[in-house]
Amino acid sequence: MLEETLVKWHDEIREEALQEGRQEGRREGRQEGQVLSLRKMLLRQLALRFGRVPKTVRSRVERISSTQELERLTEKVLSARSLKEMGIG
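Following the numbering used here, the numbering of the sequence shown begins with 3 at its first residue and continues without gaps.
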């Protein structure tokens with residue numbers, strides 16, 4: 003009886019941990035997807051606004067992992083007059 007209860011608890015705890023792990027993985031996947039989309043959008047906006055994007059700028063953008071920073075830059079590109087003014091050129 004005690005052994006059956008312990009096995010049941012173990013299975014329940016294991017299932018909870020697996021569910022939490024899957025949820026965390028989905029959250030991380032969505033976050034990563036959002037960062038990749040924002041990077042792509044920013045690089046496209048930079049190219050449309052300033053022409054060819056230098057490799058150094060592309061590399062800097064590709065290293066940004068903060069959605070807040072990428073969002074800030076996608077807004078700043080609307081008013082900036084140069085890559086230097088963007089703070090990434």
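Even for Gly, the Cβ is constructed at its ideal location relative to N, Cα and C. Quick caveat, the model's predicted, so the values are computed rather than measured.
How would you label residue i, buried or exposed, when you count the other beta carbons within 10 angstroms and need 16 or more for buried?
i	result
Met88	buried
Leu48	buried
Leu75	buried
Leu72	buried
Leu92	Residue 92 is absent from the structure shown; the chain starts at 3 and stops at 91.
Is residue i helix, strand or coil by DSSP?
i	result
Val63	helix
Met3	coil
Arg54	coil
Ile90	coil
Check the C-beta distance from residue i over to residue j and give it rounded, since I have them as a contact under 8 Å.
i	j	result
Glu51	Ile90	Going by the sequence as given, residue 51 is Arg instead of Glu. That belief does not hold up - the Cβ atoms of Arg51 and Ile90 are roughly 12 Å apart, past 8 Å.
*Taking one C-beta from the stretch 44–54 and one from the stretch 76–85 each time, how about it: are there three or more such pairs within less than 8 Å?*
yes
*Counting pairs of beta carbons, one from the stretch 52–61 and one from the stretch 23–40, are three or more of them closer than 8 Å?*
By the Cβ test, the stretch 52–61 is not in contact with the stretch 23–40, since fewer than three Cβ pairs between them sit closer than 8 Å.
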